[in-house]
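Enquirer: Be aware that the sequence shown starts at 85, since it is given in this note's numbering, and climbs by one per residue.
Attaching a single structure in structure tokens format; questions to follow.
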Amino acid sequence: MPGTNGKPDKITAHVLSCGAMHTDLTWLLLQPGRAITNRSNPRKPAEWTDCPTHAVLVDHPDGRILWDTSCPRDWEHRWEPTGLQEFFPYDGVGEDEYLDSRLAQLGLGAHDVDVVVMSHLHFDHAGNLKMFADSGTRLVCHDKEYEHAYSFDGLFQGAHLKTDYEGLEFDTVSGDTELYPGVTLLETPGHTPGTMSMQLDLADSGTMIFTSDAIYMRASYGPPPVGAAIVWDNQAWLRSVEKIRNIAERTDATLVFGHDPDQIHDLRLAPAGSYS
Ligand SMILES: [Zn+2]
């Protein structure tokens, strides 16, 4: 609902479901009983699963924030030098689910977004950052993520692919940062050096924490937390999960996980639904 000055009078979060990659569940969830074979079942097939990807458009009285940018339309070509297109094909997406389509369904283009906040700079989150190269949009990431993303030689390292972000200028943050009132970026490293989560304190829906890859899915959260095949620092990752748990328990928060194949279907998704 717009306020008298044309700005929204409260915070509204639109969850943009951007379809799914597919992948071996072992990447996301290292449960020994599930992922590792034993002598009575030595040829257990890999579990190929949906790996949904989402972004969040936050309408705030002080500006419009986009949390993450999902995967690119040209994924097969762009990811080819890395081989990631074989492990994480972004082939579970419809025309209406690409990020630009989702924004257009809300009547928005790149110029309408004031700030893009990146949870981290992995290929499946930073895929559409260059949409904002000339839009006047402020780009924000954690300083340790920035440092790491530019620290290596060559085109890619792990799941950081320079094609996604090179040439862009970022404002960096460190520590827990209140971006706007009711929008807090939480430092939750471990998955990568500068992974962040986003806490929204909403008038009606209460506190929501978008964990991105700090917590892939409900099964990762536990307790006990279950690690994954791609973690930059396991101890830091574990501390971050417990940090999120503490905040969630204190605020009675709803957690929205980064890539949960079940939870995504339980959310109020844009453009039909939202949280405020
Ligand atoms: Zn990631």
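Don't be surprised by glycine CBs; every beta carbon is placed ideally from N, CA and C.
Bear in mind that the values here come from a model prediction, so they are computed numbers and not experimental data.
If you scan the stretch 259 to 320 from start to end, which runs of the beta strand (DSSP E) of 3 or more residues do you find wholly inside it?
Expert: Entirely contained in the stretch 259 to 320, the beta strand (DSSP E) runs reaching 3 residues are, in chain order, 261 to 264, 267 to 271, 280 to 286 and 290 to 296.
Enquirer: Which residue's Cα is closest to the Cα of Leu-286: His-275, Leu-239 and Thr-338?
Expert: Among His-275, Leu-239 and Thr-338, the Cα nearest to that of Leu-286 belongs to Thr-338.
Enquirer: Hey, could you find the ends of the alpha helix (DSSP H) Arg-162 is sitting in?
Expert: Start and end: 159 to 162.
Enquirer: Going along the chain, which residues of its own chain have a beta-carbon closer than 7 Å to the beta-carbon of Arg-361, five neighbours each way excluded?
Expert: Limits of the chain in this structure are 85 at one end and 360 at the other, which puts residue 361 out of reach.
Enquirer: Between which two residues does the beta strand (DSSP E) carrying Asp-255 extend?
Expert: Element bounds for Asp-255: 255 to 257.
Enquirer: Once DSSP output is grouped into helix, strand and coil, what is the label at His-349?
Expert: It is helical.
Enquirer: Specify, as a first and last residue, the run of the beta strand (DSSP E) that His-232 falls within.
Expert: Not the beta strand (DSSP E): His-232 falls in the alpha helix (DSSP H), residues 227 to 233.
Enquirer: Got a sec: does ligand 1 put a non-hydrogen atom nearer than 7 Å to the Cβ of Asp-143?
Expert: Checking the Cβ of Asp-143 against ligand 1 gives no.
Enquirer: To which residues of the same chain is Lys-246 closer than 6 Å at the C-beta, ignoring the five residues directly before and after it?
Expert: Correct list, in chain order: Leu-239.
Enquirer: Three-state secondary structure (DSSP) at Thr-153?
Expert: Three-state DSSP puts Thr-153 in coil, outside helix and strand.
Enquirer: Please determine, among Gln-115, Leu-322 and Met-215, the residue with the shortest C-alpha to C-alpha distance to Asp-297.
Expert: Considering only alpha carbons, the answer is Leu-322.
Enquirer: For Ser-101, report the span of its beta strand (DSSP E) as first-last.
Expert: 96 to 108 is the extent of the beta strand (DSSP E) around Ser-101.
Enquirer: Determine which residues share a DSSP beta bridge with Val-177 and list them.
Expert: Note: Val-177 sits in no beta bridge, so no partner.
Enquirer: Sort out for me which residues DSSP pairs Tyr-182 with in a bridge.
Expert: Note: Tyr-182 sits in no beta bridge, so no partner.
Enquirer: What three-state label does DSSP hand Gln-241 in the structure shown?
Expert: Gln-241 falls in the strand class under three-state DSSP.
Enquirer: Taking only heavy atoms of ligand 1 into account, decide whether any of them is closer than 7 Å to the Cβ of His-349.
Expert: Because no heavy atom of ligand 1 lies under 7 Å away, the Cβ of His-349 does not count as near it: no.
Enquirer: Look up Val-197 in the DSSP assignment and say whether it is helix, strand or coil.
Expert: In this structure, Val-197 counts as coil in the three-state DSSP scheme.
Enquirer: Go ahead and pull the three-state DSSP assignment for Phe-216.
Expert: Helix.
Enquirer: Please tell me whether Ala-337 has its Cβ less than 8 Å away from any Cβ of chain C.
Expert: Absence of chain C from the displayed structure is noted, only one protein chain being present.
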